[in-house]
Amino acid sequence: MKFHWFAEVTYGDLPADFPQRHDSSWVDIPASLADPRIVGQHYRMFIRLMQQADREGFDGLAVNEHHQTSFAMTPSPNLLAASVASSTENAAILVIGDSLALYNPPTRVAEELAYLDCLSDGRLIAGFVFGTPMDSTFSYGIPPVELRDRFHEARDLILRAWSEPEPFAFNGRWTKLRYVNLWPRPVQARPPIWIPGSGSVETWDLVTDEDYCYGHLSFSGLRSAKPIVDGYWSHVEARGGDLNPHRMAFTQICCVADSDAEAERLYTDAVRYFYTHNPQATRFLTPPGYTSTASARAQQARGTAGISAQDRRRAASGELSFWEYDELGYIVAGTPERVRQRLADLATELRVGQLIACLHMGDLAEEVAAMNTHLFGTGVIPYLRDLWADQPDHWTPITSQQRVAAAAAATNGAKDQLPAGAPALGG
Amino acid sequence: MAIEIHELGEARIRVWAAGEGPPLVYLHGMEQHPGDAPFLQRLARHHHVFAPELPGYGASTGFEGIDDILDLVLFERRLIESLGAGIVDVVGHDLGGMVAAELAALCPWLVRKVVLVDAYGLWTDEAPPADPYTFTADALRAAKWHDPATAPDPEPNIDPPDPADPAAAMLTRAQNLAISTKFLWPIPDRGLRKRLSLITAPTLVVHGASDGLIPLAHARALAALVPGAELTVIVDAGHLPMIEQVDAFIDVVEGFLAL
Chain A
0 MKFHWFAEVT YGDLPADFPQ RHDSSWVDIP ASLADPRIVG QHYRMFIRLM
50 QQADREGFDG LAVNEHHQTS FAMTPSPNLL AASVASSTEN AAILVIGDSL
100 ALYNPPTRVA EELAYLDCLS DGRLIAGFVF GTPMDSTFSY GIPPVELRDR
150 FHEARDLILR AWSEPEPFAF NGRWTKLRYV NLWPRPVQAR PPIWIPGSGS
200 VETWDLVTDE DYCYGHLSFS GLRSAKPIVD GYWSHVEARG GDLNPHRMAF
250 TQICCVADSD AEAERLYTDA VRYFYTHNPQ ATRFLTPPGY TSTASARAQQ
300 ARGTAGISAQ DRRRAASGEL SFWEYDELGY IVAGTPERVR QRLADLATEL
350 RVGQLIACLH MGDLAEEVAA MNTHLFGTGV IPYLRDLWAD QPDHWTPITS
400 QQRVAAAAAA TNGAKDQLPA GAPALGG
Chain C
0 MAIEIHELGE ARIRVWAAGE GPPLVYLHGM EQHPGDAPFL QRLARHHHVF
50 APELPGYGAS TGFEGIDDIL DLVLFERRLI ESLGAGIVDV VGHDLGGMVA
100 AELAALCPWL VRKVVLVDAY GLWTDEAPPA DPYTFTADAL RAAKWHDPAT
150 APDPEPNIDP PDPADPAAAM LTRAQNLAIS TKFLWPIPDR GLRKRLSLIT
200 APTLVVHGAS DGLIPLAHAR ALAALVPGAE LTVIVDAGHL PMIEQVDAFI
250 DVVEGFLAL
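Residue numbers (numbering that gives the first Met the number 0), protein chains in the order written: chain A, 0 to 426; chain C, 0 to 258.
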């Protein structure tokens with residue numbers, strides 16, 4: 000089982016009445032709401048937290064791409080990844096991911112990811128994403144009906160650019176290049192590839208056929224994800240794909256503290272900020288063509304099992320109590336013992352081998368996020384490390400696997416350093 | 000009247016056809032082919048009307064081979080030529096109006112007269128068209144009709160709602176609108192402005208006075224850019240004057256085509 004440190008780089012200083020005054024934190028949110036100096040402080044904070052996570056034994060440091068939103072101010076994930084890659088030693092650099100359809104030409108992605116792999120000495124994980132409707136179709140103006148074709152052509156170009164030994168010509172539908180000859184090339188012959196999705200069957204087919212790692216990156220937790228993730232694994236099995244849990248990544252907000260009461264005291268406001276200060280307006284959520292007819296049919300058949308519409312509304316309006324957020328799965332909170340048991344249940348139930356733990360959320364103070372990172376690194380990760388140990392992990396870089404393991408061995412000496420009562424976990 | 004399947008290479012296109020007389024091609028807008036709409040039947044009293052479905056819409060195929068507006072224009076050119084009707088009058092609404100203007104500019108031998116009804120194709124910063132993709136159903140209804148209360152519900156549609164499969168109408172609509180994004184998203188300007196001066200066919204621009212999607216200034220600019228074009232504004236009509244004021248629409252269009 001692998002653990003990747005992640006946070007949405009959320010603007011943490013929006014006014015308290017923001018949710019009442021604005022129906023969208025995306026696309027057309029007034030830029031005047033953010034102070035660029037505070038944005039800079041946020042960036043430096045997230046870099047410090049990821050450097051700490053590298054020292055605390057995390058397997059990866061995750062960054063993502065969003066546009067025109069206070070929710071995640073990382074228009075180029077490669078920039079944040081570069082800051083982190085040059086100042087960390089062990090963890091994988093998990094770019095999850097670059098929105099392939101938005102780069103022109105897409106060799107830009109091949110170049111920058113190769114740069115990151117060189118800079119990190121072979122620790123890159125290459126995530127390729129379609130982007131949300133708000134990102135790719137509204138902020139960047141790609142006609143929804145073209146998004147998937149553009150993505151697939153870009154993916155083809157990037158993979159060839161990494162691997163072809165000689166310069167080649169690429170006459171695509173969207174990109175035409177007479178001379179493709181990538182400098183630099185990645186350290187890894189082909190970096191591991193992850194593709195997150197939101198339930199589209201076309202994406203399921205792609206990751207299954209290409210043996211990529213799939214990611215279900217929502218912030219709604221186990222119950223909401225269960226129908227989709229179960230559907231995914233059934234699809235993989237029916238298609239004869241690899242059922243290795245290390246091919247499945249899942250995001251989970253975690254709030255660790257020395258006691259459950261302390262967790263409630265420290266994290267309630269930030270959790271509420273995270274869920275209430277990210278309104279997504281309907282007008283930007285469902286552009287025609289973003290979801291294929293086949294996937295729309297599948298989604299309708301799947302229904303909205305998991306969490307009721309009423310609970311979703313209460314979560315987004317901040318009406319849930321801290322422990323209701325926890326019970327519904329939006330967050331996993333409490334002592335390290337409680338958190339690791341719940342994560343073990345989650346990972347087993349969803350067959351997840353790559354947990355992307357969100358350890359900063361909303362307007363959380365840096366010292367609390369640092370404590371969260373420390374408690375997670377020392378009180379959760381070592382106990383769950385061996386979950387799925389019987390299955391090989393081909394979806395994280397060899398270099399980061401070796402370095403993280405060596406650092407863990409040096410820190411802990413041996414497993415018997417762990418406190419008594421570590422749960423026995425089986426695959 | 001009949002709906003026939005026309006094969007065009009690999010593509011299969013539904014063509015609504017009716018009437019006798021001089022040939023008239025009607026090109027529908029971004030939402031759907033209007034099927035047996037009264038205004039098409041009225042046009043068929045004096046014309047042999049061909050109303051092809053755009054590729055990718057409804058049950059029509061051929062969208063895979065289309066990269067841009069030029070490909071669509073060439074597709075419609077081949078389709079019209081395959082009708083064997085010779086030179087035709089072209090009436091286009093909304094997205095179909097944009098295509099009709101392109102056809103008249105690029106294939107002048109094929110177009111006798113052209114009518115552009117609440118057509119897309121231009122952009123001005125002063126009076127931009129609305130972004131219809133962000134509208135709720137209620138807002139779209141309010142923008143489209145002069146009087147939403149008397150607008151037909153359901154609208155004329157070649158694929159009427161199927162009680163046995165209520166999801167189908169929604170999915171077909173999403174599919175249709177997805178195709179339209181190829182030509183209208185994010186800004187409905189694919190360079191038509193540069194080509195309008197090439198139009199030699201007599202041109203009538205028709206616009207509903209209450210169109211809440213495309214401002215009247217857009218129709219004025221369109222008429223000003225086509226040599227000799229006329230503009231007729233239909234009162235008490237929104238974005239679909241051929242449905243909301245069918246008598247006035249038929250009078251104006253037939254009057255223009257008969258000249």
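Glycine is no exception: its CB is placed at the ideal position from the N, C-alpha and C atoms. Note that the structure is predicted; figures quoted are calculated from it, not measured.
Any beta-carbon of chain A closer than 8 Å to the one on residue i?
i	result
W184 (chain C)	yes
I86 (chain C)	no
K181 (chain C)	yes
A177 (chain C)	yes
Y132 (chain C)	yes
T202 (chain C)	no
T135 (chain C)	yes
D311 (chain C)	Nothing in the structure corresponds to residue 311 (chain C), since chain C is present only between 0 and 258.
Q174 (chain C)	yes
D188 (chain C)	no
L170 (chain C)	yes
Where does residue i land, buried or exposed, given buried means 16+ other C-beta within 10 angstroms?
i	result
P143 (chain A)	buried
V234 (chain C)	exposed
Y178 (chain A)	exposed
T281 (chain A)	exposed
K1 (chain A)	buried
W108 (chain C)	exposed
H393 (chain A)	exposed
K181 (chain C)	buried
S316 (chain A)	exposed
S23 (chain A)	buried
Any Cβ of chain C within less than 8 Å of the Cβ of residue i?
i	result
G288 (chain A)	yes
Q340 (chain A)	no
Q299 (chain A)	yes
E365 (chain A)	no
K414 (chain A)	Bear in mind that a pLDDT of 49 at K414 (chain A), under 50, signals an unreliable position, so the number given afterwards is only what the model happens to contain. It does not; no Cβ of chain C falls within 8 Å.
E145 (chain A)	yes
T292 (chain A)	yes
G140 (chain A)	yes
T68 (chain A)	no
W4 (chain A)	no
A419 (chain A)	With a pLDDT of 47 at A419 (chain A), under the threshold of 50, the modelled position of that residue is not reliable, and the figure given next carries that caveat. So, not an interface residue.
DSSP on residue i, reduced to helix/strand/coil?
i	result
D336 (chain A)	According to the sequence as given, residue 336 (chain A) is Glu; it is not Asp. E336 (chain A) falls in the helix class under three-state DSSP.
Y56 (chain C)	coil
V94 (chain A)	strand
A364 (chain A)	coil
R282 (chain A)	helix
W322 (chain A)	helix
L258 (chain C)	coil
F70 (chain A)	coil
P381 (chain A)	helix
P14 (chain A)	coil
A16 (chain C)	strand
Q390 (chain A)	coil
Y42 (chain A)	helix
A408 (chain A)	helix
H276 (chain A)	coil
M49 (chain A)	helix
L424 (chain A)	For L424 (chain A), the pLDDT reaches just 45, beneath the cut-off of 50, and the residue's location in the model is therefore unreliable, leaving the point undetermined.
Apart from the five residues just before and just after residue i, which ones in its own chain have a Cβ nearer than 6 Å to its Cβ?
i	result
P131 (chain C)	L212
C254 (chain A)	A262, Y266, I330, A332
F264 (chain C)	It is not possible to answer for residue 264 (chain C), since the shown part of chain C is limited to 0 through 258.
T199 (chain C)	P107
T231 (chain C)	V205, V251
A167 (chain C)	D161
If I measure Cβ to Cβ from residue i and keep anything under 7 Å in the same chain, skipping five residues before and after, which residues do I get?
i	result
S269 (chain C)	The structure shown has nothing for residue 269 (chain C), since chain C only spans 0 to 258.
T171 (chain C)	G57, D158
A61 (chain A)	H3, W4, F5, L93, I95, I355
Once the 5 residues before and after residue i are set aside, which same chain residues still bring their CB inside 8 Å of it?
i	result
R149 (chain A)	L99, A100, I141, W173
A407 (chain A)	G56, P381, R384
D12 (chain A)	A33, D34, I37, D362
Quick check on the DSSP output: what are the complete alpha helix (DSSP H) runs of length 4 or more inside the stretch 134-214 of chain A, in order along the chain? You should have 143-162, 200-209.
Which complete alpha helix (DSSP H) runs does the stretch 83-151 of chain C hold, if anything under 4 residues is left out? Complete alpha helix (DSSP H) runs here, min 4: 94-105, 136-143.
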